[in-house]
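J.: Taken in order, the sequence shown gives residues 217 to 634; the numbers are from the working numbering.
Just so it is clear, CB atoms sit at the ideal spot from N, CA and C, and this is done for glycine as well.
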Amino acid sequence: MTTEPSAPSLPREPLGDPHLRRLIVGQGLAAVVDALFLVWLTLYVLELSEPGIATGLVLVAVALPRAALLLPAGVLVDRIGPARVTAGASWLRVAVLLALGALVTFTSPSVTTVALLAGTLGAADAAYFPAALAMLPAVVPTEKLSRANALVQGAESGGDLVGPAVAAGAIAAVGFEATLGGITAMAAVAAVALSTLVRVVRRGEGAKDAAGADAADGERLSSARALGAGLRYAWHAPVVRGMLAAVALINIAVVGPVLVGGAVLADQRLGGAGSLGVVLSGFGVGSLAGSLMAGWRPPARRGWTVVGGVAAIGAGTAGLAAVGHVVAATAVASLVGLGSAFLGVVIVATLQERVPGHLLGRVLSLVVLATVAFDPFSYVIAGLLLPYGTTTLFLVCGSTVLACAGLVAASPAIRSLR
Numbered sequence: 217m218t219t220e221p222s223a224p225s226l227p228r229e230p231l232g233d234p235h236l237r238r239l240i241v242g243q244g245l246a247a248v249v250d251a252l253f254l255v256w257l258t259l260y261v262l263e264l265s266e267p268g269i270a271t272g273l274v275l276v277a278v279a280l281p282r283a284a285l286l287l288p289a290g291v292l293v294d295r296i297g298p299a300r301v302t303a304g305a306s307w308l309r310v311a312v313l314l315a316l317g318a319l320v321t322f323t324s325p326s327v328t329t330v331a332l333l334a335g336t337l338g339a340a341d342a343a344y345f346p347a348a349l350a351m352l353p354a355v356v357p358t359e360k361l362s363r364a365n366a367l368v369q370g371a372e373s374g375g376d377l378v379g380p381a382v383a384a385g386a387i388a389a390v391g392f393e394a395t396l397g398g399i400t401a402m403a404a405v406a407a408v409a410l411s412t413l414v415r416v417v418r419r420g421e422g423a424k425d426a427a428g429a430d431a432a433d434g435e436r437l438s439s440a441r442a443l444g445a446g447l448r449y450a451w452h453a454p455v456v457r458g459m460l461a462a463v464a465l466i467n468i469a470v471v472g473p474v475l476v477g478g479a480v481l482a483d484q485r486l487g488g489a490g491s492l493g494v495v496l497s498g499f500g501v502g503s504l505a506g507s508l509m510a511g512w513r514p515p516a517r518r519g520w521t522v523v524g525g526v527a528a529i530g531a532g533t534a535g536l537a538a539v540g541h542v543v544a545a546t547a548v549a550s551l552v553g554l555g556s557a558f559l560g561v562v563i564v565a566t567l568q569e570r571v572p573g574h575l576l577g578r579v580l581s582l583v584v585l586a587t588v589a590f591d592p593f594s595y596v597i598a599g600l601l602l603p604y605g606t607t608t609l610f611l612v613c614g615s616t617v618l619a620c621a622g623l624v625a626a627s628p629a630i631r632s633l634r
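1) Looking at VAL611: is its Cβ nearer than 7 Å to the Cβ of ALA544?
2) Confirm, please, whether the CB-CB distance from GLN369 to SER550 is below 7 Å.
3) Measure the beta-carbon distance from GLY374 to ALA386 and round it to whole angstroms, keeping in mind my assumption that it falls under 8 Å.
4) Could you tell me how far apart the beta carbons of GLY290 and SER581 are, in whole angstroms, since I believe they sit closer than 8 Å?
5) If you run the structure through DSSP and keep just helix, strand and coil, what is PRO454?
6) Taking the continuous alpha helix (DSSP H) assigned at ASP250, which residues delimit it?
7) So PHE392 packs on VAL320, CB below 8 Å; how close in whole Å?
8) Nearest to VAL249 by CA position, among VAL382, SER324 and LEU292, is which residue?
9) Can you tell me which of the three DSSP states ARG518 falls into?
10) Only counting runs of 4 or more residues, tell me where the alpha helix (DSSP H) segments fall wholly within the segment 543-609, in order along the chain.
11) Within 10 Å of its beta-carbon, does SER632 have 16 or more other beta-carbons around it, so buried, or fewer, so exposed?
12) Looking only at C-alpha atoms, which of VAL261, PHE499, LEU554 and GLY614 sits nearest to SER324?
13) Run the CB neighbour count on TYR344, radius 10 Å, all protein chains shown included, and call it buried at 16 or more, exposed below.
14) Assign GLY487 to one of three DSSP states: helix, strand, or coil.
15) Nearest to VAL417 by alpha carbon, out of GLY560, GLY614, ASP294 and VAL474?
16) Specify the secondary structure class of VAL539 as computed by DSSP and reduced to three states.
17) Quick check: what's the CA-CA separation for THR616 versus LEU286?
18) Count the other C-beta atoms from every protein chain shown that fall within 10 angstroms of the C-beta of PRO574, then say buried if there are 16 or more, exposed otherwise.
19) Look at the Cβ atom of GLY560, then the Cβ atom of ILE630, and state whether they are nearer than 7 Å.
20) Output needed for VAL312: all residues of its chain with C-beta closer than 6 Å, excluding positions within five of it in sequence on either side, in chain order.
21) Considering just the uninterrupted stretch of the alpha helix (DSSP H) at SER306, what are its terminal residues?
22) So for SER632, helix, strand or coil by DSSP?
23) Keeping to the same chain, check which residues put their C-beta closer than 6 Å to that of LEU623; ignore five residues upstream and five downstream.
24) For THR336, which of helix, strand or coil comes out of DSSP?
25) Hey, PHE499 and GLY553 are a contact pair by Cβ (cut 8 Å); roughly how many whole angstroms apart?
26) When you compare the CB positions of ALA347 and PRO281, do they come within less than 7 Å of one another, or not?
27) Relative to the alpha-carbon of GLY478, which residue among PRO234, THR606, GLY614 and THR258 has its alpha-carbon at the smallest distance?
28) Could you give the distance in angstroms between the alpha-carbon of ALA528 and the alpha-carbon of LEU264?
29) Among LEU259, PHE253 and ALA284, which one has its Cα closest to the Cα of ALA586?
30) Would you say ALA406 and LEU245 are within 7 Å of each other, going by their C-beta atoms?
31) Identify whether ALA442 lies in helix, strand or coil by the three-state DSSP scheme.
32) First and last residue of the alpha helix (DSSP H) that includes VAL474?
33) Report the rounded CA-to-CA distance for GLY472 versus ARG441, giving the unit in angstroms.
34) Considering just the uninterrupted stretch of the alpha helix (DSSP H) at LEU413, what are its terminal residues?
35) Evaluate PRO454 with the Cβ neighbour count: other Cβ atoms within 10 Å of its Cβ, from every protein chain shown; 16 or more gives buried, anything less gives exposed.
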């Protein structure tokens, strides 16, 4: 008696793929390391010096190299491959953390020394962020990108949510040295997980189409020309241009008002500055939920989903003008977080699918730049509007984002996205 051969068992979607599991572990741990280290760094600098300009200067030392090197890093990603850049940046992060740990344990470092090492970490981040985003399409099939992005960004949102509380609690329990040792160990595990994917991605790069390879070879003549080619592509592609503009405007109009204006709102209406932590936790929970929702049920009409996500962020920001209780403020902040994360998954997955592979690192470096580079402008805008009251601040900024949703909806290229 013969039996029909059974069909090969398919891996559970999408976590049945061992490569994707390692990618999620590596990038999720890297996000936790970032969240933990930022809190550790802030508290350690406060321990070294009186509260004041020193803390701000050290944080600027992290932010400036990260913003300045993002676009050159995008060129590097396209030239030597996202997996190798991700692994290299991860191991550079481990090396800097080890050096900082040795200084903290055996010496009394100056604020300047800490700032220099923190700046090196900022440079590593500039290479890591676009490379990590560009690596995902090389690990998973195109049809699974939305779910894979949701899992990766969900892991990152979870790290952002629990990281600060864990870091502060660990410092209180075991001290700065042991806490930094734990952060370094997690960074090493993340680097190992991501390094195992270098061969996988290299095999995938062997199947790159000839046109893309020829274009990439032509751009090796000049880094400036390669960067210019990426900028020209982003400007002339309506979908890329529109999405980058939306991301940048949301960052300018939301980050400063939520953090700066939220602190004032908490003090004036919500029962004290301590309630700001509750509100920001609501934002984190909303972000986690938005990431998972975007992967669980990928939208059929992406264009209108982008419009809806921008509108939800604008409505939530404007809604903060009317809240008078911490529960209401937390619910509104959750809406903003949900819309932001959902929108982030859709935008990144869309670009990963549509941008030619030999330009992907440069385009994604622009996405990261639009996300992180405009924070100072956002804080300035919040400071300029705060004298007119938090109601005015949130209404103006929320209305600006809602107007952006209208402009996005007016773009035929974005409306037609599927």
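T.: Quick answer:
1) Counted from its first residue, the sequence shown places residue 611 at position 395. Counted from its first residue, the sequence shown places residue 544 at position 328. Here the sequence assigns Leu to residue 611, which means Val is not the residue at that position. No, they are not a contact pair.
2) Looking up residue 550 in the sequence shown gives position 334. Looking up residue 369 in the sequence shown gives position 153. Cβ distance not < 7 Å, so SER550 and GLN369 don't count as in contact.
3) Taking the first residue of the sequence shown as position 1, residue 374 is located at position 158. Taking the first residue of the sequence shown as position 1, residue 386 is located at position 170. Between ALA386 and GLY374 the Cβ distance is about 17 Å, and since that is not below 8 Å, they are no contact.
4) Locating residue 290 in the sequence shown gives position 74, counting from the first residue. Locating residue 581 in the sequence shown gives position 365, counting from the first residue. Rounded, the Cβ-Cβ distance is 3 Å, consistent with contact.
5) Residue 454 sits at position 238 when you count from the first residue of the sequence shown. Note: PRO454 maps to helix in three-state DSSP.
6) Translated into positions along the sequence shown, residue 250 becomes position 34. Its alpha helix (DSSP H) spans residues 234-264.
7) As a first step, residue 392 is located in the sequence shown; it is residue number 176 there, counting from the start. As a first step, residue 320 is located in the sequence shown; it is residue number 104 there, counting from the start. PHE392 to VAL320, Cβ: 6 Å. Contact.
8) Along the sequence shown, read from residue 1 onward, the residue named residue 249 stands at position 33. Nearest of VAL382, SER324 and LEU292 to VAL249, Cα basis: VAL382.
9) Numbered from its first residue, the sequence shown carries residue 518 at position 302. In the structure shown, ARG518 sits in a helix (DSSP, three-state: H, G or I).
10) 576-588 and 591-601
11) Along the sequence shown, read from residue 1 onward, the residue named residue 632 stands at position 416. Result: exposed.
12) Taking the sequence shown and counting its residues from 1, one reaches residue 324 at position 108. That would be VAL261, whose Cα lies nearest to the Cα of SER324.
13) Position 128 of the sequence shown holds residue 344. Buried, by the Cβ-count rule.
14) Taking the sequence shown and counting its residues from 1, the one referred to as residue 487 is at position 271. In this structure, GLY487 counts as coil in the three-state DSSP scheme.
15) Residue mapping note: residue 417 aligns to position 201 of the sequence shown, counting from 1. If we check each option's Cα against that of VAL417, ASP294 comes out closest.
16) The sequence position of residue 539 within the sequence shown is 323, counting from 1. If DSSP states are grouped into helix, strand and coil, VAL539 belongs with coil.
17) Taking the sequence shown and counting its residues from 1, one reaches residue 616 at position 400. Taking the sequence shown and counting its residues from 1, one reaches residue 286 at position 70. Straight-line Cα distance between these residues: approximately 27 Å.
18) As a working note, residue 574 is residue 358 in the sequence shown. What sits at residue 574 in the sequence shown is His, not Pro. By the neighbour-count rule (16 or more Cβ atoms within 10 Å), HIS574 is buried.
19) In the sequence shown, the residue the question calls residue 560 occupies position 344. In the sequence shown, the residue the question calls residue 630 occupies position 414. Their beta carbons are not under 7 Å apart, which means GLY560 does not touch ILE630 by this criterion.
20) Against the sequence shown, residue 312 aligns to sequence position 96. Closer than 6 Å at Cβ, skipping near neighbours: LEU333, THR336 and LEU337.
21) Numbered from 1 along the sequence shown, position 90 holds the residue referred to as residue 306. Run containing SER306: 298-322, per the alpha helix (DSSP H) assignment.
22) Sequence index remark: in the sequence shown, residue 632 carries index 416 (1-based). Of the three classes helix, strand and coil, the one that applies to SER632 here is coil, per DSSP.
23) As a working note, residue 623 is residue 407 in the sequence shown. Cβ neighbours of LEU623 beyond the five flanking positions: none.
24) Walking along the sequence shown from the start, residue 336 turns up at place 120. Correct three-state label for THR336: helix.
25) Position 283 of the sequence shown, counted from the start, is the residue given in the question as residue 499. Position 337 of the sequence shown, counted from the start, is the residue given in the question as residue 553. So it is a contact: roughly 4 Å between Cβ atoms.
26) As a first step, residue 347 must be located in the sequence shown, where it is residue number 131. As a first step, residue 281 must be located in the sequence shown, where it is residue number 65. No; because the gap between Cβ atoms is not below 7 Å, this pair is not in contact.
27) Numbered from 1 along the sequence shown, position 262 holds the residue referred to as residue 478. That would be THR606, whose Cα lies nearest to the Cα of GLY478.
28) Numbered from its first residue, the sequence shown carries residue 528 at position 312. Numbered from its first residue, the sequence shown carries residue 264 at position 48. Going from the Cα of ALA528 to the Cα of LEU264 covers about 42 Å.
29) Counting from one through the sequence shown, the residue named residue 586 turns up at place 370. Of the listed residues, the one whose Cα sits closest to ALA586 is ALA284.
30) To locate residue 406, count along the sequence shown from 1; it is residue 190. To locate residue 245, count along the sequence shown from 1; it is residue 29. In contact: ALA406 and LEU245 (Cβ atoms closer than 7 Å).
31) Indexing the sequence shown from 1 puts residue 442 at position 226. ALA442 falls in the helix class under three-state DSSP.
32) Within the sequence shown, residue 474 is the residue found at index 258, counting from 1. Run containing VAL474: none; DSSP gives neither H nor E here.
33) Locating residue 472 in the sequence shown gives position 256, where the first residue counts as 1. Locating residue 441 in the sequence shown gives position 225, where the first residue counts as 1. Approximately 35 Å between the Cα atoms of the pair.
34) If you number the sequence shown from 1, residue 413 lands on position 197. It is not in any alpha helix (DSSP H) - LEU413 carries neither H nor E in the DSSP assignment.
35) By 1-based counting over the sequence shown, the position of residue 454 is 238. The residue is exposed, with fewer than 16 neighbouring Cβ atoms inside 10 Å.
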